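In this note's numbering, each residue carries its 1-based index in the sequence shown increased by 7.
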Amino acid sequence: MLNIVFMGTPDFAKESLEAIYEKGHNIVSVVTNPDKPKGRGMRMIASPVKEFAVSKNIPIYQPITVKNNKEFIEEIKAQNPDLICVVAYGKILPKEILEIPKYGCINVHASLLPKYRGAAPIQWAILNGETITGVTTMYMDIGMDTGDMILKETVTIGEDETTGELWSRLSKIGGELLVKTIEQIENKTATRQPQGNDFTMAPMLSKEMAKINWQTRTSKEIKNLVRGLNPIMGAYTMYQSKKIKLWKIEIVENQEQMQEQDKQAGQIILANDKQGLFIKTIDGIIRVLEIQGENAKRMSTCDFLRGNPMKVGEILE
Numbered sequence: 008m009l010n011i012v013f014m015g016t017p018d019f020a021k022e023s024l025e026a027i028y029e030k031g032h033n034i035v036s037v038v039t040n041p042d043k044p045k046g047r048g049m050r051m052i053a054s055p056v057k058e059f060a061v062s063k064n065i066p067i068y069q070p071i072t073v074k075n076n077k078e079f080i081e082e083i084k085a086q087n088p089d090l091i092c093v094v095a096y097g098k099i100l101p102k103e104i105l106e107i108p109k110y111g112c113i114n115v116h117a118s119l120l121p122k123y124r125g126a127a128p129i130q131w132a133i134l135n136g137e138t139i140t141g142v143t144t145m146y147m148d149i150g151m152d153t154g155d156m157i158l159k160e161t162v163t164i165g166e167d168e169t170t171g172e173l174w175s176r177l178s179k180i181g182g183e184l185l186v187k188t189i190e191q192i193e194n195k196t197a198t199r200q201p202q203g204n205d206f207t208m209a210p211m212l213s214k215e216m217a218k219i220n221w222q223t224r225t226s227k228e229i230k231n232l233v234r235g236l237n238p239i240m241g242a243y244t245m246y247q248s249k250k251i252k253l254w255k256i257e258i259v260e261n262q263e264q265m266q267e268q269d270k271q272a273g274q275i276i277l278a279n280d281k282q283g284l285f286i287k288t289i290d291g292i293i294r295v296l297e298i299q300g301e302n303a304k305r306m307s308t309c310d311f312l313r314g315n316p317m318k319v320g321e322i323l324e
């Protein structure tokens with residue numbers, strides 16, 4: 008049985024940690040990001056990975072930085088790990104750490120590499136309207152998700168699937184794939200497949216991209232934006248100088264009945280608590296199914312319109 012150091016932070020990583028723990032692997036320590044203040048009371052919150060490690064009495068390290076952190080690096084060396092498993096840790100590992108374990112450092116990445124290297128592969132797959140994605144395990148090197156690949160698993164993305172839903176599915180697949188990868192490394196059957204140079208990037212998301220531009224985006228692009236930012240930040244528009252978040256929409260197929268030929272992109276075509284909210288786009292119409300007013304909770308659009316009427320003919324900013 009290999010001695011493993013596990014490095015990860017969010018619930019996506021926790022699924023992988025739990026998977027290898029349940030398989031009986033010897034996890035000598037867990038490395039995760041420091042606790043963060045959250046909520047109105049700014050209470051310090053531990054990462055999902057830390058919470059799991061605490062529940063299983065696994066030693067935990069939470070360095071603020073790993074680069075040039077000699078004390079931390081020496082501590083990891085002293086543990087003499089055979090393998091370091093990294094899943095959504097949130098920090099780039101320096102060469103000094105990559106060279107510590109006997110069998111190297113491996114990573115679980117939520118895309119079909121070399122497509123979508125970077126911090127937000129799940130989000131960008133949906134934002135770009137991809138129909139397939141998956142999980143890749145790989146050996147780590149000093150580049151950003153550039154190491155040799157070991158195993159892959161492909162999944163189909165649902166037409167209405169959100170980032171949150173796909174995140175949950177891929178997190179479980181990632182844990183299963185990590186278990187298989189470790190078994191192959193143990194059995195010395197793991198192979199290396201170079202990624203090549205035909206790659207795409209998935210950089211961190213910005214708050215600026217969340218605003219819907221009704222003048223340039225098609226119905227499909229708006230739907231992908233709404234799906235891709237759910238539940239991270241939510242796509243939004245402005246109505247009477249107030250921010251309105253759209254959490255779920257559908258594209259209206261039978262548009263002839265809406266008589267929308269003379270309407271402008273971003274204009275409200277229909278808004279009532281029986282049928283919902285319909286908005287003109289540059290190439291059609293969307294119907295908003297779930298919405299959130301400023302300083303309010305997300306809810307069905309019909310419920311929202313009962314207390315927050317919106318005027319037909321007004322144009323969303």
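Quick reminder that beta carbons are idealized off the backbone N, C-alpha and C, glycines included. Computed from a prediction, not measured in an experiment: that's the story for all the values here.
In chain order, what residues of the same chain lie with their CB nearer than 7 Å to the CB of residue i, ignoring the 5 residues before and after it?
{"i": "M156", "result": "L120, T143, M145, Q200, Q202"}
{"i": "W221", "result": "A272, G273, T288, L323"}
I think residue i touches residue j, with their Cβ atoms under 8 Å apart; what is that distance to the nearest whole Å?
{"i": "E193", "j": "A26", "result": "No, E193 and A26 are not in contact; Cβ-Cβ is about 15 Å, not under 8 Å."}
{"i": "I71", "j": "S36", "result": "Going by Cβ atoms, the distance from I71 to S36 rounds to 17 Å, so no, they are not a contact pair."}
{"i": "V73", "j": "A20", "result": "With a Cβ gap of about 15 Å, V73 and A20 do not count as contacting."}
{"i": "M14", "j": "Y96", "result": "4 Å"}
{"i": "V115", "j": "S23", "result": "6 Å"}
Looking at C-alpha atoms only, which residue of the options is the closest neighbour of residue i?
{"i": "N33", "options": "T140, I189, L296, A132", "result": "I189"}
{"i": "E78", "options": "A303, I104, C92", "result": "I104"}
{"i": "G125", "options": "I256, L158, F206", "result": "F206"}
{"i": "R294", "options": "K84, C309, I256", "result": "I256"}
{"i": "D152", "options": "A209, G48, S175", "result": "A209"}
Across which residues does DSSP place residue i in a beta bridge pair?
{"i": "A278", "result": "L284"}
{"i": "I189", "result": "I189 is not bridged to any residue."}
{"i": "H116", "result": "T143"}
{"i": "C92", "result": "F13, I113"}
{"i": "I164", "result": "Answer is none; I164 lacks a bridge partner."}
{"i": "Q200", "result": "M156"}
{"i": "T244", "result": "I251"}
{"i": "V56", "result": "Paired residues: none, contrary to the question."}
{"i": "S213", "result": "Answer by DSSP bridge pairing: none, since S213 is not bridged."}
Excluding the five sequence neighbours on either side, which residues of its own chain have a C-beta within less than 8 Å of the C-beta of residue i, listed in chain order?
{"i": "E82", "result": "Y68"}
{"i": "Q58", "result": "In the sequence under discussion, the amino acid at residue 58 is Glu, which differs from the Gln named in the question. K21, listed in sequence order."}
{"i": "Y246", "result": "M317, E321, L323, E324"}
{"i": "K270", "result": "I276, K287"}
{"i": "G31", "result": "M8"}
Could you name the residues of the same chain whose beta carbon sits closer than 6 Å to that of residue i, not counting the 5 residues immediately before and after it, in chain order?
{"i": "A197", "result": "I157, Q191"}
{"i": "L232", "result": "A242"}
Residue j and residue i - do their beta-carbons sit closer together than 9 Å?
{"i": "R50", "j": "P41", "result": "no"}
{"i": "I229", "j": "T170", "result": "no"}
{"i": "V259", "j": "G291", "result": "yes"}
{"i": "D280", "j": "L236", "result": "no"}
{"i": "L90", "j": "L177", "result": "no"}
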